[in-house]
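Protein chains in written order, with the numbering used here: chain U, 1 to 225; chain S, 1001 to 1065; chain F, 2001 to 2218. Read the structure below first, then the notes.
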Amino acid sequence: MIYARRAWIVLWKDLLSERRSKETLNALFFFSLLLLFLFQFTLGADRERLVAALPGLLWLGFILSGLVGLGRAFLAERENDCWEGLLLAPGDKSAIYLGKVAGNLLLMLLVEAILLVLFAVFFNLDLAAHLLPLAPVIGLGTIGFAAVGTLFGAMTAHVRARELLFPVLLLPVQVPVLLGAVKATEAVLLGEPLAAVGHWLGLLAAADVIYLTVGVLTFDAVLEA
Amino acid sequence: MPDNWSFVFAAYALAALVLGAYWRRLGRRERELTSKGASTAPSETSPRKDCAGKAGARTGGASRP
Amino acid sequence: MSGLQRGLGWLAVASLTAGIVMALGVAPREATQGNVQRIMYVHVPAILIAYLAFAVVLVASVIYLWRRAAGADRLAHASAEVGVVFTGINIATGSIWGKPTWGTWWTWDARLTSASIMFVIYLGYLLLRAMIEDRERGARFAAVLGIVAALDIPLVHFSVYWWRTLHQPSTLLRPGPAPMDPTFVVALTINLVAFALLYAYFLARRVRLLEREEQVLA
């Protein structure tokens, strides 16, 4: 109970500071808009081609904005000299991890919702019909991404070349999540039932459980000093 | 199916090359360490001294001409 | 100490020589693929020993986080490096094998793909180690990454396998040996032992080097 409250406090702190500054969210909104432009310019105006590549483009958008967002996850603590505050927090440090994961998850889901709307509007797609089966796919994929991203973000916060190292470490580890999410999204957008991609959803769920467990167990070692 | 011995030899040669390169790299680093360990054993703050030495050499070189 | 290491090295060289003789001379010509199949005797042992190396990284990382023994950290570091070298050999020989059998240097075959993802993950691991100056912090972070990476391998394996095989039958493209003549098995086993000895030799030398590096820098 106290554990959940500790995680909640970390989450609340991040939400509050984000609500007051709106720093990350504004930048990410702008970034997603730019991504849409990029996709449009690089793939041309051919709508057929865009639709064919849509699952990949969607997740490319999610991943790129996620990289930008998650890379900043521990920057507030780092830049404002609040790292000691995290260290001095009483009790199990993994509560901090779970709070941070929840915050990053919310942030990413928000950006993903924005991206979906932008895709639907700019590329004239009817995504609303697929929204219900799409939700678990996006949810499971994003949890895995946020779980590892938060762990690695805490690690690379201390490194000089953090902007470089963070994606270099995160992207290869996320290949299974990316493959599963793209394949499941593709099937859902083609109108197949969720049961047809059950094995991919199972893989995503397994990945989420593994990543979260490792994160909870090892975060103590990451946070130290 | 043709025999493609050239591909077989290329594969074995490449594997030998990679292993040999790694072996030599280990050897080189061991030798480097031996000479470094011998030269910096008396002084305690070797990295700092290295830096200072380099900076000194650079400025010295620049002021000489 | 060093004598043992040297002995291990000579043992590895001797068994590698035996392995090459077996692979190129004694083992019979494979029926469907011809002599090009002989690449298997380096290709397969390399990846199997790489898996072993990464398993060692996992165990050593767990021990390091648990006990904070510097020896476990050195073992993980050394094993990852040797594992990357062996994975690189596997990918390179696989590519050379692919040219005559598939007609292309690279194809996104399930096994080649998962080997190359593993390669990139552990390259990142070595990069992380190289980029953190504080030794103790680098050891902690690398241990966390070593655990995540090792647990990621089965996920990578399954996802890539499904990704490739749900669309095309991979049995057509798979280069593995179909019927196993006993001589094939003997040759493969000898090469596997040779690569294991080579791994042990490199590992011992790299661990010793890391020990000395720390002594010099301390």
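Where is the CB? At the ideal position from N, CA and C, for every residue including glycine.
* **Segment limits, alpha helix (DSSP H) that includes U/Ile-96** => 94-122
* **Test: S/Ala-1057 CB closer than 9 Å to a CB of chain F** => Caution is warranted here: a pLDDT of 39 is assigned to S/Ala-1057, below 50, making its placement in the model unreliable, and the coordinate value is therefore given only provisionally. S/Ala-1057 does not count as touching chain F.
* Flag this pair as yes or no: are the beta carbons of U/Gly-99 and U/Ala-73 separated by less than 9 Å? => no
* Asked: Which residue comes first and which comes last in the alpha helix (DSSP H) that contains F/Ile-2020?
  -> 2002-2021
* Can you tell me the Cα-Cα spacing of F/Phe-2141 and U/Met-155, whole angstroms? -> 6 Å
* To do: Please classify S/Gly-1061: is it buried, with 16 or more other beta-carbons within 10 angstroms of its beta-carbon, or exposed?
  => Low confidence applies to S/Gly-1061: its pLDDT is 35, below 50, so where it sits in the model is not reliable enough to give any reading.
* To do: Assuming F/Leu-2016 contacts F/Leu-2188 (C-beta within less than 8 Å), just tell me the rounded distance between them.
  => No, F/Leu-2016 and F/Leu-2188 are not in contact; Cβ-Cβ is about 14 Å, not under 8 Å.
* Secondary structure, alpha helix (DSSP H): runs of 4+ residues fully inside the stretch 2058-2110 of chain F -> 2070-2102
* **Residues near U/Leu-57 by beta carbon distance below 6 Å, same chain, minus five either side** => Phe-39
* Chain-ordered neighbours of U/Lys-93 on chain F, where CB pairs are closer than 7 Å -> Near U/Lys-93 there are no residues of chain F at all, since even the closest Cβ is about 13 Å away, more than 7 Å.
* Where U/Glu-23 falls, given that 16 or more other Cβ within 10 Å makes a residue buried -> exposed
* Asked: Roughly how many angstroms separate the alpha carbons of U/Phe-29 and U/Asn-124, rounded to a whole number?
  -> 19 Å
* Between the CA atoms of U/Phe-119 and F/Leu-2172 - distance to the nearest angstrom -> Reliability of the predicted coordinates at F/Leu-2172 is poor, the pLDDT of 41 falling under 50, and the value obtained from them is presented with this limitation in mind. F/Leu-2172 and U/Phe-119: Cα-Cα distance of roughly 39 Å.
* Classification of F/Phe-2184 by the beta-carbon crowding that lies within 10 angstroms, buried from 16 upward -> buried
* Are the C-beta of F/Arg-2212 and some C-beta of chain S separated by less than 9 Å? -> yes
* Would you say U/Glu-186 faces chain F, with C-beta separation under 9 Å as the test? -> no
* State yes or no: is the C-beta of F/Leu-2004 within less than 9 Å of the C-beta of F/Ala-2204? => yes
* Asked: For F/Tyr-2051, which option in F/Phe-2086, F/Val-2160, F/Ile-2020 and F/Leu-2127 has the closest C-alpha, if you only look at C-alpha atoms?
  -> F/Phe-2086
* Asked: CB U/Leu-70 to CB U/Leu-164, shorter than 9 Å?
  -> no
* Asked: Are the Cβ atoms of F/Thr-2093 and F/His-2043 separated by less than 9 Å?
  -> yes
* Taking only beta-carbon atoms, is F/Leu-2058 less than 9 Å away from chain U? -> no
* Simplified DSSP assignment, three categories, for F/Glu-2302 -> In the structure as shown, chain F starts at 2001 and stops at 2218, and residue 2302 of chain F therefore has no counterpart that could be examined.
* **Distance between U/Val-168 and U/Gln-174 (C-alpha atoms, nearest Å)** => 11 Å
* If we call anything under 9 Å between Cβ atoms a contact, is U/Val-137 one with U/Leu-204? -> yes
* Any idea what DSSP makes of U/His-158, helix, strand or coil? -> coil
* Quick one: what does DSSP say U/Leu-190 is sitting in, helix, strand or coil? -> coil
* Rank F/Ile-2132, F/Ile-2089, F/Trp-2162 and F/Leu-2192 by C-alpha distance to the C-alpha of S/Leu-1017 and give the top, closest one. => F/Ile-2089
* To do: Quick one: residues in its chain with C-beta nearer than 7 Å to the C-beta of U/Ala-181, no 5 flanking neighbours on either side, listed in chain order?
  => Trp-59, Val-137, Gly-141 and Leu-204
* Asked: Taking all protein chains shown into account, do 16 or more other C-beta atoms lie within 10 angstroms of the C-beta of U/Pro-193, making it buried, or fewer, making it exposed?
  -> exposed
* **Listed by chain order, chain F residues near U/Arg-160 by CB distance under 8 Å** => Met-2131
* For U/Leu-22, three-class secondary structure by DSSP -> The sequence given here has Lys at residue 22 of chain U, not Leu. Coil.
* Asked: Relative to chain S, which residues along the stretch 2079-2109 of chain F have a C-beta separation below 7 Å, given in chain order?
  -> Val-2085, Gly-2088, Ile-2089, Ala-2092, Thr-2093, Ile-2096, Trp-2097, Lys-2099 and Pro-2100
* To do: State the start and end residues of the unbroken alpha helix (DSSP H) segment that holds F/Asp-2181.
  => Premise fails: F/Asp-2181 is in no alpha helix (DSSP H) and is neither H nor E.
* **Check whether U/Pro-55 and U/Lys-183 have beta carbons under 9 Å apart** => yes
* Using the beta-carbon of each residue, which ones in chain F are nearer than 7 Å to S/Arg-1029? -> Leu-2209
* To do: Taking the CB atoms as reference points, tell me whether U/Thr-218 and U/Leu-131 lie closer together than 9 Å.
  => no
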